[in-house]
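Under this note's numbering, think of the first position of the sequence shown as 3, with each following residue one higher.
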Amino acid sequence: MSFEKQRLDITDRVVGKFTDGQLNLYLESEKIGQMVSENQYNLKQGYEFQNSRFYQYADVPSKKDEKYVDCDDENGWC
């Protein structure tokens, strides 16, 4: 199975939590960065903020319908 990098819009899944005077940003339970100033964010590698949207670069399978992996052609098993 092969993978390719895709840019996924995660804006609706990003949550901000105010802690110790900083607004920290989370995707589910993972901290992905913090707000520096209005519309300015310090994000971990693999995340970006552009045009008021948050994006994550993720590896996704390149073939959508690939059902079998590592078939044994000699014995006919998949």
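We put the CB at the ideal spot given by N, CA and C, even for glycine.
Spatial neighbours of Gly-48 within its chain, please: CB distance less than 8 Å, with the 5 preceding and 5 following residues excluded, ordered by chain position.
Correct list, in chain order: Gln-58, Tyr-59, Ala-60.
Contacting residues, own chain, Cβ-Cβ under 7 Å from Leu-45 (five flanking each side not counted)
Close CB contacts of Leu-45 within its chain, under the 7 Å cut and outside five residues either way in sequence, are with Ile-34, Gly-35, Phe-51 (chain order).
How many Å lie between Gly-18 and Asn-53 at the Cα?
Distance from the CA atom of Gly-18 to the CA atom of Asn-53, rounded to whole angstroms, is 18 Å.
Whole-angstrom Cβ separation of Leu-29 and Val-16, contact assumed at under 8 Å?
Yes, they are in contact, since the Cβ atoms of Leu-29 and Val-16 sit about 6 Å apart, within 8 Å.
Can you give, in chain order, each stretch of the beta strand (DSSP E) that sits fully within the region 30–56 and has at least 3 residues?
The region 30–56 contains these whole beta strand (DSSP E) runs: 32–39, 42–45, 49–52.
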